[in-house]
Amino acid sequence: MSLSYSKKVSPLWLAPAIDWVSASRLQLQVFAASLALVILPVFVQAPLVRYFPWVSLAMTPLWLGLGAWMMKRPRLHLWGDLVVGFGWIWLTGSLYWGWFRWDPIVHLPIEALGLPIALVCLHRGWGRVGSYFFLGSLLGTAVTDLYINWMHLFPTWRQLMLVNPDVAPMVLRAASASLESDVAACRAVVLVLFLLVATVIALTTSRQPAWWAFGGAVFSTLIVDGLFFLTASLA
Numbered sequence: 359m360s361l362s363y364s365k366k367v368s369p370l371w372l373a374p375a376i377d378w379v380s381a382s383r384l385q386l387q388v389f390a391a392s393l394a395l396v397i398l399p400v401f402v403q404a405p406l407v408r409y410f411p412w413v414s415l416a417m418t419p420l421w422l423g424l425g426a427w428m429m430k431r432p433r434l435h436l437w438g439d440l441v442v443g444f445g446w447i448w449l450t451g452s453l454y455w456g457w458f459r460w461d462p463i464v465h466l467p468i469e470a471l472g473l474p475i476a477l478v479c480l481h482r483g484w485g486r487v488g489s490y491f492f493l494g495s496l497l498g499t500a501v502t503d504l505y506i507n508w509m510h511l512f513p514t515w516r517q518l519m520l521v522n523p524d525v526a527p528m529v530l531r532a533a534s535a536s537l538e539s540d541v542a543a544c545r546a547v548v549l550v551l552f553l554l555v556a557t558v559i560a561l562t563t564s565r566q567p568a569w570w571a572f573g574g575a576v577f578s579t580l581i582v583d584g585l586f587f588l589t590a591s592l593a
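The sequence shown lines up with residues 359 to 593 when you count with my numbering.
1) Compute the beta-carbon to beta-carbon distance between Tyr505 and Ala546, rounded to the nearest angstrom, for a pair I have assumed lies under 8 Å.
2) When you compare the CB positions of Ala590 and Leu549, do they come within less than 8 Å of one another, or not?
3) Kindly confirm or deny that the region 425-432 and the region 462-482 touch, where touching means at least three C-beta pairs closer than 8 Å.
4) Please classify Phe444: is it buried, with 16 or more other beta-carbons within 10 angstroms of its beta-carbon, or exposed?
5) Using 10 angstroms around the beta-carbon of Asp439, count the other beta-carbons present and answer buried if the total reaches 16, otherwise exposed.
6) Would you list, in sequence order, the uninterrupted alpha helix (DSSP H) runs of no fewer than 4 residues that lie entirely inside the region 489-527?
7) Could you check the C-alpha separation between Pro442 and Leu497 for me, to the nearest Å?
8) Can you say whether Tyr409 is buried or exposed, counting buried as having 16 or more other CB atoms within 10 angstroms of its CB?
9) Measure from the alpha carbon of Val558 to the alpha carbon of each residue in Gly584, Gly494, Leu518 and Ala526, then state which is nearest.
10) Go ahead and label Glu469 buried or exposed: buried means 16 or more other beta carbons lie within 10 angstroms of its beta carbon, across all protein chains shown.
11) Between the beta-carbon of Val407 and the beta-carbon of Ser452, is there less than 8 Å?
12) In terms of residue numbering, what span does the alpha helix (DSSP H) encompassing Ile463 cover?
13) If you draw a straight line from the C-alpha of Ala571 to the C-alpha of Thr499, how long is it?
14) Rounded to a whole number of angstroms, what is the C-alpha to C-alpha distance between Trp457 and Leu520?
15) Does the Cβ of Val576 have 16 or more other Cβ atoms within 10 Å, making it buried, or fewer, making it exposed?
16) For Gly472, count neighbouring C-beta atoms within 10 Å of its own C-beta (all shown protein chains included) and say buried if the count is 16 or more, exposed if not.
17) Is Trp515 buried or exposed, if buried means 16 or more other CB atoms sit within 10 Å of its CB?
18) Count the other CB atoms within 10 Å of the CB of Thr574; is the residue buried (16 or more) or exposed (fewer)?
19) Can you give me the C-alpha to C-alpha distance between Val464 and Phe491, rounded to a whole angstrom?
20) Can you check whether the CB of Pro567 is closer than 8 Å to the CB of Leu384?
21) For the putative contact between Leu466 and Thr418, defined by C-beta atoms under 8 Å, what is the C-beta separation to the nearest angstrom?
22) In angstroms with no decimal places, state the Cα-to-Cα distance between Ser578 and Leu518.
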């Protein structure tokens, strides 16, 4: 079965399930790579930027340069495009978690610094995969911040960023306890469903790799947030 990335699939209400069987190998690879590139900073960038923020920030030109180099080669163009999108995420993550992590109010504005670049690239038809990947990651960040603010956890966020690492488990336990309510569960379900629907729409609307990069970035938010809340509950 030949697949055309410009061909539209059936509307969501006619094809509510994602057809993983007919999805091309390339689409699945883009989805998996997008997942990995959002989850990677949680385990690599987070500890690096906490102790060596300038090192993390200095790595940004390396990511962008690598992506630009790959984009000049036809066989690597798509992956270079994705790496460039990841480079903007790495930059904003380095800035926030390196110097502003104690202030949750500016988290989303800093994470959105690459938004104008992504929009300009899409307007000019350049870097479509990386731009969609960035937008999917930004959407997931916005939903996560919304939930944290919705549950009045910004003071806990500040406390967690300022306390000694030895005291952090106690702060996490307190945060976990505050989420053990029907209200917290209902709000979480609403936002989880929103992210799931956004993922399904992205993966069923188009077979273009850019949409699968967007869907992978959005879906990865559920994994990252799930890991965070699991850590908080086990602290």
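Yeah, the Cβ is synthetic: ideal placement off N, Cα and C, and Gly gets one too.
On a predicted model such as this, the values are computed, not experimentally measured, just so you know.
Result, derived from the coordinates:
1) Counting from one through the sequence shown, the residue named residue 505 turns up at place 147. Counting from one through the sequence shown, the residue named residue 546 turns up at place 188. Confirmed, about 7 Å.
2) What you label residue 590 is simply residue 232 of the sequence shown in a count that begins at 1. What you label residue 549 is simply residue 191 of the sequence shown in a count that begins at 1. No, they are not a contact pair.
3) They do not touch, by the three-pair rule.
4) Stepping through the sequence shown from its first residue, residue 444 is reached at position 86. Phe444 comes out buried.
5) Position 81 of the sequence shown, counting from 1, holds the residue named residue 439. Asp439 comes out buried.
6) 512-520, all fully within the region 489-527.
7) Against the sequence shown, residue 442 aligns to sequence position 84. Against the sequence shown, residue 497 aligns to sequence position 139. Per the sequence presented here, residue 442 reads as Val, with Pro not at that position. The alpha-carbon atoms of Val442 and Leu497 are separated by roughly 18 Å.
8) Looking up residue 409 in the sequence shown gives position 51. With fewer than 16 other Cβ atoms within 10 Å, it is exposed.
9) Along the sequence shown, read from residue 1 onward, the residue named residue 558 stands at position 200. The alpha carbon of Val558 has as its nearest neighbour, out of Gly584, Gly494, Leu518 and Ala526, the alpha carbon of Gly494.
10) Here residue 469 is taken as the residue at index 111 of the sequence shown, counted from 1. Taking every protein chain shown into account, the CB of Glu469 has 16 or more other CB atoms within 10 angstroms, so this residue is buried.
11) If you number the sequence shown from 1, residue 407 lands on position 49. If you number the sequence shown from 1, residue 452 lands on position 94. In this structure, Ser452 lies closer than 8 Å to Val407 by Cβ.
12) Here residue 463 corresponds to residue number 105 of the sequence shown, with the count starting at 1. For Ile463, there is no enclosing alpha helix (DSSP H), as DSSP marks it with neither H nor E.
13) Along the sequence shown, one-based indexing puts residue 571 at 213. Along the sequence shown, one-based indexing puts residue 499 at 141. Roughly 15 Å separates the two Cα atoms.
14) Translated into the one-based positions of the sequence shown, residue 457 becomes position 99. Translated into the one-based positions of the sequence shown, residue 520 becomes position 162. Going from the Cα of Trp457 to the Cα of Leu520 covers about 12 Å.
15) Position 218 of the sequence shown, counting from 1, holds the residue named residue 576. Burial call: buried.
16) Start at 1 with the first residue of the sequence shown, and residue 472 comes out as number 114. By the neighbour-count rule (16 or more Cβ atoms within 10 Å), Gly472 is buried.
17) In the sequence shown, counting from the first residue as 1, residue 515 sits at position 157. Counting Cβ neighbours within 10 Å, Trp515 comes out buried, since at least 16 surround it.
18) If you number the sequence shown from 1, residue 574 lands on position 216. Just to set this straight, residue 574 is Gly in the shown sequence, not Thr. When all chains shown are included, Gly574 counts as buried.
19) Your numbering for residue 464 matches position 106 in the sequence shown. Your numbering for residue 491 matches position 133 in the sequence shown. Their backbone Cα atoms lie some 21 Å apart in a straight line.
20) Here residue 384 refers to the residue found at position 26 when the sequence shown is read from its first residue. Here residue 567 refers to the residue found at position 209 when the sequence shown is read from its first residue. Against a cut-off of 8 Å, the Cβ pair of Pro567 and Leu384 comes out as a contact.
21) Within the sequence shown, numbered from 1, the residue matching residue 466 stands at position 108. Within the sequence shown, numbered from 1, the residue matching residue 418 stands at position 60. Not really, about 19 Å apart at Cβ, beyond 8 Å.
22) The residue given as residue 578 occupies position 220 in the sequence shown. The residue given as residue 518 occupies position 160 in the sequence shown. Going from the Cα of Ser578 to the Cα of Leu518 covers about 23 Å.
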